[in-house]
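These notes concern the structure reproduced below.
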Amino acid sequence: MNEEKGLIFDIQGYSVHDGPGCRTLVFLKGCPLDCAWCSNPEGKQYKPEIMYRATKCTHLTQGCERCITACPEGAIQKNSPANGHEEAPPLVLDRTKCQHCRDFDCAAQCYFEALKICGRWYSVSELMRVLKRDQQYWGGNGGVTFSGGEPLMQRRFMQAVLESCHDAYIHTAVETSAYIESGAFIELMRLVQWAFIDIKQMNPEKHKAGTGVSNELILHNIALLGRSGWPGRLVIRMPVIPGFNDDDENILKTAEFLRQLGLVEMNILPFHRLGDSKWSQLGELYPYREFSTTPEEKMAHIQNLFLSQQIACYVGSETPF
1 MNEEKGLIFD IQGYSVHDGP GCRTLVFLKG CPLDCAWCSN PEGKQYKPEI
51 MYRATKCTHL TQGCERCITA CPEGAIQKNS PANGHEEAPP LVLDRTKCQH
101 CRDFDCAAQC YFEALKICGR WYSVSELMRV LKRDQQYWGG NGGVTFSGGE
151 PLMQRRFMQA VLESCHDAYI HTAVETSAYI ESGAFIELMR LVQWAFIDIK
201 QMNPEKHKAG TGVSNELILH NIALLGRSGW PGRLVIRMPV IPGFNDDDEN
251 ILKTAEFLRQ LGLVEMNILP FHRLGDSKWS QLGELYPYRE FSTTPEEKMA
301 HIQNLFLSQQ IACYVGSETP F
């Protein structure tokens with residue numbers, strides 16, 4: 001019998017900010033949204049990718065050309081001064097030639113891991129072995145949190161894993177955009193005990209401009225879950241993005257939406273630029289690289305707006321675990 005397989009780009013242990021207790025985080029690849037501020041851009045594409053960390057490359061210091069020789073498509077070339085400046089990377093990748101590559105021989109030949117494959121296929125049983133190994137470190141109220149990318153996008157794999165977690169008495173949480181077909185969303189959520197769902201912007205046009213999709217399905221699914229009698233715990237999250245969703249009008253509309261559904265918990269996350277280097281490793285320029293981290297005063301103001309509307313509001317990692 002063939003097992004379902006899922007494409008995972010990272011597994012992290014000992015997390016205390018993404019659900020109750022000590023947890024293992026599983027990051028699944030692929031996302032239907034295209035957020036310009038994304039801090040995990042390596043999770044966007046539903047396929048393995050090459051990430052290039054120029055700071056680890058030994059082409060200039062040791063004359064290494066193993067990756068250039070290994071690539072059958074000629075996708076890797078030496079950089080030249082004409083292509084940039086002093087900080088230009090030693091090598092340039094033509095990623096259009098990597099579209100159908102399955103072996104990534106270049107990464108296998110890179111002993112210093114300047115080239116690294118992002119995305120590995122796991123069977124359900126492989127992932128469950130990892131989780132059961134970690135289970136001894138979780139304590140009484142820990143578990144696993146599935147993130148991404150958009151974890152629910154890999155519907156069949158997630159259903160099989162969640163069912164296996166249920167059978168193994170493993171507490172499950174998801175961090176999701178809720179941008180999937182409503183029937184599938186509710187079906188999967190029945191197997192989840194804790195959920196973080198993002199509301200990024202209440203205006204559908206602004207939401208589409210910033211994420212590539214309208215918010216209508218997202219808000220519909222949140223409302224559907226809120227009215228379904230789902231017994232799990234739901235915390236709404238909002239990444240505070242400068243100039244996109246940090247105005248008072250949007251905050252108050254978000255609070256009103258939550259109040260109408262009887263939802264009482266909001267977790268606001270300050271903007272940061274921690275994803276900048278990962279955009280560079282994917283050969284892309286981070287659109288928000290010139291923006292500053294959200295000031296504490298701004299976060300306090302937004303928190304007070306939610307509190308004034310009877311919505312419990314936690315800032316950053318100050319979540320009620």
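Taking full-length UniProt numbering, the leading residue of the sequence shown gets 1, the next gets one more, and so forth.
Just so you know, even glycine gets a beta-carbon here, dropped at the ideal spot from N, CA and C.
What you are looking at is a predicted structure, and each value in this text was computed from that prediction instead of being measured.
Inset, instruction - Report, in whole angstroms, the separation of the C-beta atoms of Pro270 and Val235, which I expect to be a contact under 8 Å. - result: The C-beta distance from Pro270 to Val235 rounds to 16 Å, too long to fall under 8 Å, and the pair is not in contact.
Inset, instruction - With DSSP collapsed to three states, give me the class of Ile218. - result: Here Ile218 sits in helix by DSSP.
Inset, instruction - Could you check the C-alpha separation between Pro48 and Gln310 for me, to the nearest Å? - result: When rounded, the distance between both Cα atoms is 44 Å.
Legend entry - Rounded Cβ spacing between Thr211 and Val192 (contact assumed at less than 8 Å): Contact doesn't hold; Cβ gap of about 23 Å is too wide.
Inset, instruction - Kindly indicate which residue of Trp194, Arg190, Met189 has the alpha-carbon position closest to the one of Gly143. - result: Ranking Trp194, Arg190, Met189 by Cα distance to Gly143 puts Trp194 first.
Legend entry - Reduced DSSP secondary structure (H/G/I, E/B, other) of residue 336: With the chain covering 1 to 321 only, the question about residue 336 has no answer from this structure.
Inset, instruction - With DSSP as the reference, label Gly84 as helix, strand or coil. - result: At Gly84 the pLDDT is 49, less than 50, meaning the model places this residue with poor confidence; the figure from the coordinates comes in the next sentence. Note: Gly84 maps to coil in three-state DSSP.
Legend entry - Cα-Cα separation, Arg190 to Thr61: Going by the C-alpha atoms only, they are around 54 Å apart.
Legend entry - Met158 (DSSP reduced to helix, strand or coil): DSSP places Met158 in the helix class (H, G or I) of the three-state scheme.
Inset, instruction - Report yes if the CB atom of Lys29 is closer than 8 Å to the CB atom of Ile8, and no otherwise. - result: Contact flag set, yes.
Legend entry - Same chain, Cβ closer than 7 Å to Ser182, neighbours up to 5 away in sequence not counted: These residues qualify, in order along the chain: His220, Asn221, Leu224.
Legend entry - Proximal residues to Gly84 (C-beta, below 8 Å), its chain only, five neighbours per side dropped: Confidence in Gly84 is poor, its pLDDT being 49 and thus under 50, which makes the residue's placement too unreliable to answer from.
Inset, instruction - Could you have a look at Phe306 and say whether DSSP puts it in helix, strand or coil? - result: Here Phe306 sits in helix by DSSP.
Legend entry - 6 Å CB neighbourhood of Gly13 in its chain, flanking five on each side removed: Closer than 6 Å at Cβ, skipping near neighbours: Thr24, Asp134.
Legend entry - Given Pro204 as reference, the closest of Pro231, Thr96, Thr254 once Cα atoms are compared: With distances taken between Cα atoms, Pro204 lies closest to Thr254.
Legend entry - Validate contact between the segment 273–289 and the segment 32–42 using beta carbons, cut 8 Å, 3 pairs: The segment 273–289 is in contact with the segment 32–42.
Legend entry - C-beta contact flag for Pro32 and Met202 at 8 Å: For Pro32 and Met202, no; Cβs fall outside 8 Å.
Legend entry - DSSP state of Ala36 mapped onto helix, strand, coil: DSSP places Ala36 in the coil class of the three-state scheme, outside both helix and strand.
Inset, instruction - Tell me where the beta strand (DSSP E) around Gly148 begins and ends. - result: Element bounds for Gly148: 143–148.
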